[in-house]
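Each remark here refers to the structure printed beneath this line.
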Amino acid sequence: MAILTILFLATCFLAYTNGANDNFKGVATLFGSRTTTYKCAIWWATLTTFAGSIASIFLAYNLVNTFSGKGLVPQSTTNSPEFLTAIGIGAALTVMVATITGFPISTTHSLTGALIGAGFIAIGTQVNFAILGTSFLLPLLLSPVIAIASGSILYVIFRNIRIRSGITKEWCLCVGKQKKIIPSYEPAASLSANCGSTLSVTIDEEKNCREIYKGYFLGMNSQRLLDSLHFCSAGIVSFARGLNDTPKIVALLLLIKGLSIYWGMLAVGLGMAVGGLFSARKVANTMSNEITKLNHGQGFTANLATGILVICASKFGMPVSTTHVSVGSLFGIGLITKHANIRRVLEILLSWFITLPAAAVFSGGAYWILENWLFN
Numbered sequence: 027m028a029i030l031t032i033l034f035l036a037t038c039f040l041a042y043t044n045g046a047n048d049n050f051k052g053v054a055t056l057f058g059s060r061t062t063t064y065k066c067a068i069w070w071a072t073l074t075t076f077a078g079s080i081a082s083i084f085l086a087y088n089l090v091n092t093f094s095g096k097g098l099v100p101q102s103t104t105n106s107p108e109f110l111t112a113i114g115i116g117a118a119l120t121v122m123v124a125t126i127t128g129f130p131i132s133t134t135h136s137l138t139g140a141l142i143g144a145g146f147i148a149i150g151t152q153v154n155f156a157i158l159g160t161s162f163l164l165p166l167l168l169s170p171v172i173a174i175a176s177g178s179i180l181y182v183i184f185r186n187i188r189i190r191s192g193i194t195k196e197w198c199l200c201v202g203k204q205k206k207i208i209p210s211y212e213p214a215a216s217l218s219a220n221c222g223s224t225l226s227v228t229i230d231e232e233k234n235c236r237e238i239y240k241g242y243f244l245g246m247n248s249q250r251l252l253d254s255l256h257f258c259s260a261g262i263v264s265f266a267r268g269l270n271d272t273p274k275i276v277a278l279l280l281l282i283k284g285l286s287i288y289w290g291m292l293a294v295g296l297g298m299a300v301g302g303l304f305s306a307r308k309v310a311n312t313m314s315n316e317i318t319k320l321n322h323g324q325g326f327t328a329n330l331a332t333g334i335l336v337i338c339a340s341k342f343g344m345p346v347s348t349t350h351v352s353v354g355s356l357f358g359i360g361l362i363t364k365h366a367n368i369r370r371v372l373e374i375l376l377s378w379f380i381t382l383p384a385a386a387v388f389s390g391g392a393y394w395i396l397e398n399w400l401f402n
């Protein structure tokens, strides 16, 4: 009974760290393009992610089987609560460290590494690495590449549509310091002499200086339409993430016979929501400000590409990473616009390579402690 309690707590901790590291990724472009505030963005992400978690009960049951460990290790190991607890602890610690340091990593990748580490300590070289390659690593390696291509292609298409529709860009001129204007008396003759048609310059605070679109599309104001679509696309990404990640985490709870899988998904969804609300700030800054510079249209395109790819993956039971897809979409657009922060992206890429072995070490150590010290 004690080990099952630890298993449940470890799974909830993993859900919390997942929310802290992943929840903001769907709305990062809303905050990065200054379409909305951080508070509004994180609440929108929380609500739509939780909705995805609830929907996963009905739409993404395939992923529960994929991440239960079946096929990777023998059935007897899969049914070991120590094994599943070690996976939860290893993945959670990995995601927690990344969240504290501000790196957006993949919970999917962490779970994969944790499966390897705990499996290797449990059964040694009997781990079925062939299944690992086809079911886990291949989709993880392909997802960012596909996302880069999708984000780039969609951006070029939407940019051409904007240009052909006659929608132009409008900027305000921002000056670093605010100046207080003191009115003074001017003779009428002097005032009329200074009147005329001149270039109009608007001075505003830096936080309000952003690129907006001017014109109409299908009879609607283009900027308002784009903002609405941007919010919708961000909601799609967050919904897709909840749909995709919840069953992967809840798979750890399958061994607890007294806990219905539906209640398990609800617990995981709540854990993800709380983690996002309280601990997402550092990763939010990385995703919003440090990958590429975005305007509204580019943010909408990146979110749309990410949402489509992740939802399709959920439908077909492919364990792709929302992180890899979202970063790939942003980077693809940044390459086209020449605003990509290549150095920062390389640092994120390095963290992805470290994720799998780090999770393997954490979970392997956790399994050894559980087997030899706590429940010997």
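Residues 27 to 402 (my numbering) make up the sequence shown, in order. Cβ atoms here follow ideal geometry from the backbone N, Cα and C, with glycine treated the same way.
- Item | residue 383 - containing alpha helix (DSSP H), residue span | Here residue 383 refers to the residue found at position 357 when the sequence shown is read from its first residue. Taken as a continuous stretch (DSSP letters only), the alpha helix (DSSP H) holding residue 383 covers 368–395.
- Between which two residues does the alpha helix (DSSP H) containing residue 136 stretch? Counted from its first residue, the sequence shown places residue 136 at position 110. Going by DSSP, residue 136 is part of the alpha helix (DSSP H) stretching over 133–149.
- Range of the contiguous alpha helix (DSSP H) that encloses residue 298: For the purposes of this step, residue 298 is taken as residue 272 along the sequence shown, with counting starting at 1. Counting along the chain, the alpha helix (DSSP H) containing residue 298 begins and ends at 287–305.
- Item | Pairwise C-alpha distance: residue 341 and residue 83 | In the sequence shown, the residue the question calls residue 83 occupies position 57. In the sequence shown, the residue the question calls residue 341 occupies position 315. Between residue 83 and residue 341, the C-alpha separation is close to 13 Å.
- Message: Do residue 276 and residue 287 count as a contact pair if the criterion is CB distance below 8 Å?
- Response: What you label residue 287 is simply residue 261 of the sequence shown in a count that begins at 1. What you label residue 276 is simply residue 250 of the sequence shown in a count that begins at 1. It is a contact, given that the beta carbons lie within the stated cut-off.
- In the structure shown, what three-state DSSP assignment does residue 55 receive? Indexing the sequence shown from 1 puts residue 55 at position 29. For residue 55, the secondary structure class from DSSP, reduced to helix, strand or coil, is helix.
- Item | Burial state of residue 224, where buried means 16 or more other Cβ atoms lie within 10 Å | Along the sequence shown, read from residue 1 onward, the residue named residue 224 stands at position 198. Model confidence at residue 224 stands at a pLDDT of 47, short of 50, so the residue's coordinates are unreliable and nothing is read from them.
- Message: So, for residue 264: in the same chain, excluding its five sequence neighbours on each side, which residues have a beta-carbon less than 6 Å away from its beta-carbon?
- Response: In the sequence shown, the residue the question calls residue 264 occupies position 238. Same-chain partners within the cutoff: 52, 71, 74 and 75.
- Item | Rounded separation between residue 133 and residue 143 - CA only | For the purposes of this step, residue 133 is taken as residue 107 along the sequence shown, with counting starting at 1. For the purposes of this step, residue 143 is taken as residue 117 along the sequence shown, with counting starting at 1. Whole-angstrom Cα-Cα distance: 15 Å.
- From 145, 258 and 182, residue whose alpha carbon lies closest to that of residue 388: The sequence position of residue 388 within the sequence shown is 362, counting from 1. Distances from the alpha-carbon of residue 388 to those of 145, 258 and 182 put 145 closest.
- Can you give me the Cβ contacts of residue 356 inside the same chain, cut-off strictly under 6 Å, excluding the 5 residues immediately before and after it? In the sequence shown, residue 356 corresponds to position 330, counting from 1. Leaving aside the five residues that flank residue 356 on each side, the residues in its chain whose CB is nearer than 6 Å to its CB run, in chain order, 317, 318 and 328.
- Message: From the DSSP secondary-structure annotation, give me the bridge partner or partners of residue 318.
- Response: Counting from one through the sequence shown, the residue named residue 318 turns up at place 292. Residue 318 pairs with 366.
- Between which two residues does the alpha helix (DSSP H) containing residue 107 stretch? On the sequence shown, position 81 is the one that residue 107 refers to. Its alpha helix (DSSP H) spans residues 107–127.
- Item | residue 377 burial status per 10 Å Cβ neighbour count (16 or more: buried) | In the sequence shown, counting from the first residue as 1, residue 377 sits at position 351. Burial call: buried.
- Message: For the pair the segment 352–369 and the segment 96–114, tell me if three or more CB-CB distances fall below 8 Å.
- Response: Judged by Cβ distances under 8 Å, the segment 352–369 makes no contact with the segment 96–114, as fewer than three pairs qualify.
- Item | Rounded separation between residue 62 and residue 37 - CA only | The residue given as residue 62 occupies position 36 in the sequence shown. The residue given as residue 37 occupies position 11 in the sequence shown. Distance between the alpha carbons of residue 62 and residue 37 is about 32 Å.
- Item | Buried or exposed (CB count within 10 angstroms, at least 16 for buried), residue 274 | The sequence position of residue 274 within the sequence shown is 248, counting from 1. It counts as buried.
- Message: Please report the straight-line C-alpha distance between residue 147 and residue 181, rounded to a whole angstrom.
- Response: For the purposes of this step, residue 147 is taken as the residue at position 121 of the sequence shown. For the purposes of this step, residue 181 is taken as the residue at position 155 of the sequence shown. Taking C-alpha positions only, residue 147 is separated from residue 181 by approximately 46 Å.
- Given residue 119 as reference, the closest of 366, 373 and 44 once Cα atoms are compared: Translated into positions along the sequence shown, residue 119 becomes position 93. Of 366, 373 and 44, the smallest CA-CA separation from residue 119 is found for 44.
- In whole angstroms, what separates the C-alpha of residue 67 from that of residue 350? By 1-based counting over the sequence shown, the position of residue 67 is 41. By 1-based counting over the sequence shown, the position of residue 350 is 324. About 20 Å.
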